[in-house]
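Just so you know, we're using the working numbering here: the sequence shown kicks off at 2 and counts up by one. Glycine residues also receive a C-beta, built at the ideal position from the N, C-alpha and C atoms. On a predicted model such as this, the values are computed, not experimentally measured, just so you know.
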Amino acid sequence: MALKSCLIRVLMLALFGLVLTPGMAGAVSYASYKAHRVVLRVKPGNTQLTSPAIDPNSNTAKRKKRTQYNNKIKAIFNFFRRERKLVGKVKTIAKMYKVAPIHVLGAIAGEHAFNVNVFDDVQKYAMKSVLFGGNRFVSFSCRKCGMKLSEFLELEPLKTCKRKKGSQRFWSCAENVWIRTYYDKKIDKKKYPRLRFNEAFFNPYSLGQTYGLGQLSPLTALKATDTVHKLGGLEKLDINKPAQVYRHILDTDKNLHYIAATIKLAIDSYRRIANFDISRNPGLVATLYNLGHVRNKAFGLYKTNLKRLKARKKLLYPKVNYYGWFVNARQKDLEKLLE
2 MALKSCLIRV LMLALFGLVL TPGMAGAVSY ASYKAHRVVL RVKPGNTQLT SPAIDPNSNT
62 AKRKKRTQYN NKIKAIFNFF RRERKLVGKV KTIAKMYKVA PIHVLGAIAG EHAFNVNVFD
122 DVQKYAMKSV LFGGNRFVSF SCRKCGMKLS EFLELEPLKT CKRKKGSQRF WSCAENVWIR
182 TYYDKKIDKK KYPRLRFNEA FFNPYSLGQT YGLGQLSPLT ALKATDTVHK LGGLEKLDIN
242 KPAQVYRHIL DTDKNLHYIA ATIKLAIDSY RRIANFDISR NPGLVATLYN LGHVRNKAFG
302 LYKTNLKRLK ARKKLLYPKV NYYGWFVNAR QKDLEKLLE
């Protein structure tokens with residue numbers, strides 16, 4: 002029996018790596034970290050007593066009124082208490098994607114505490130015209146560079162992206178190529194704008210780039226479409242059908258699928274790439290949901306820690322931003338909503 006138990010443990014280590022708590026992080030070797038034979042478990046909660054600075058570009062920072070911020074927090078928690086059916090859907094859909102429902106609630110709460118304001122009512126009206134008008138009135142294109150998204154994806158530097166498996170890897174690759182090769186550059190006498198990929202190609206009517214309950218961008222939804230199709234059974238998104246993409250984002254039930262899938266991809270990426278299990282820390286998950294560029298951040302942390310281990314320095318753990326700190330600080334309140 003003891004031999005059987007030992008063999009099972011060896012098999013688990015081979016498949017999933019050695020799982021360590023923060024107190025055991027000093028035992029991590031350069032070789033085991035580099036070969037992804039170790040997973041560092043991040044504990045719940047905030048490690049700092051006060052919140053990091055709020056992003057100056059967030060709507061909260063622009064308001065500069067603490068009372069409005071507190072009122073928005075009260076409003077979103079009252080909304081969850083009132084919409085019990087929605088909370089039930091959150092729990093059901095989170096289970097489909099094998100993520101804790103608190104991550105989905107945390108992402109929504111963070112967006113509505115910091116980023117959503119009355120401007121979004123204008124968004125809704127404008128987007129309704131897209132839904133009823135169909136694809137004739139909107140397309141994924143870069144007006145400032147006179148190019149459709151489908152044309153951009155056929156350019157030579159994008160060929161490497163087509164070899165990437167899965168929608169998350171493909172669209173992350175396309176975004177990186179844009180930043181590295183085209184962002185604010187002149188190529189073959191064509192000037193490309195100083196705009197983020199999402200802003201350049203996914204901003205019809207210049208009314209913002211995120212929509213719906215979880216404030217999702219079309220790019221985020223496209224990254225998650227394979228996961229949503231596989232685990233949630235929704236049809237795959239097609240860049241040649243922009244109205245379909247916006248319908249999925251603006252429909253509350255479908256929006257929840259993309260939130261859960263985006264969270265799952267973030268947790269999986271940090272475990273697989275950076276060797277960190279962040280699934281027990283809602284604030285870290287919320288931070289990544291807020292910031293995006295998850296694969297880039299995971300690779301960045303992985304490379305930084307390889308250098309630190311080589312220099313015999315302590316590992317760096319992922320950190321929350323103001324958005325994630327808020328979610329961790331409100332974890333008990335969020336958990337009560339799920340009871």
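Under the DSSP assignment, V139 falls outside any beta strand (DSSP E); it carries neither an H nor an E label.
Each residue's CA atom was taken as its position, placing N276 and R38 some 8 Å apart. Scanning P319, N322, D334, P283 for the CA closest to the CA of P45 turns up P283. By the criterion of at least three beta-carbon pairs nearer than 8 Å, the region 313-326 is in contact with the region 47-54. Under the three-pair Cβ rule at 8 Å, the region 188-202 counts as touching the region 136-154. Residue environment for D189: exposed (fewer than 16 other C-beta atoms within 10 angstroms of its C-beta). With a 10 Å radius around the Cβ and a threshold of 16 neighbouring Cβ atoms, S270 comes out buried. Under DSSP, M148 shares a beta bridge with C143.
Distance from the CA atom of K265 to the CA atom of V100, rounded to whole angstroms, is 6 Å. Classified as buried, R272 has 16 or more neighbouring CB atoms from the shown chains inside 10 Å of its CB. Excluding the 5 residues flanking it on each side, T228 has same chain C-beta neighbours closer than 7 Å at A262, K265, L266, in chain order.
Fully contained in the region 298-336 are the following alpha helix (DSSP H) runs of length 4 or more, in chain order: 323-330. Looking at the DSSP output, L238 bridges to nothing. The way I'd put it, the region 215-231 does touch the region 165-181; three or more beta-carbon pairs between them come closer than 8 Å. Taken through DSSP and simplified to helix, strand or coil, L217 comes out as strand. Annotated three-state conformation of Y193 is coil, per DSSP.
CA-CA distance, K92 to Q332, rounds to 16 Å. Between Y31 and K311, the C-beta spacing is below 8 Å.
In this structure, G215 places its C-beta atom within 8 Å of the C-beta atom of I260. In the displayed model, I55 falls within coil according to three-state DSSP, outside both helix and strand.
One alpha carbon belongs to K73, the other to V43, and they sit about 29 Å apart. Beta-bridge analysis with DSSP links K187 to K192.
Burial is judged here by how many other beta carbons sit within 10 angstroms of a residue's own beta carbon; N79 has fewer than 16 and is exposed. Across the structure, V246 and G234 are spaced so that their CA atoms are roughly 15 Å apart. A Cβ-Cβ separation of about 16 Å leaves L335 out of contact with I94 under the 8 Å criterion.
Burial check for L317: the Cβ neighbour count within 10 Å stays below 16, so the residue is exposed. For N116, the number of other beta carbons within 10 angstroms of its own is at least 16, and it is reported as buried. With contacts defined as CB atoms closer than 8 Å, Y34 and N306 qualify as a contacting pair. Closest in alpha carbon position to N256, among R281, T211, K298, is T211.
In terms of Cα proximity to A244, the closest of G107, S140, L232 is S140.
Beyond the five residues adjoining it in sequence on each side, V178 comes within less than 7 Å, by CB distance, of P158, L159, C162 in the same chain, given in chain order.
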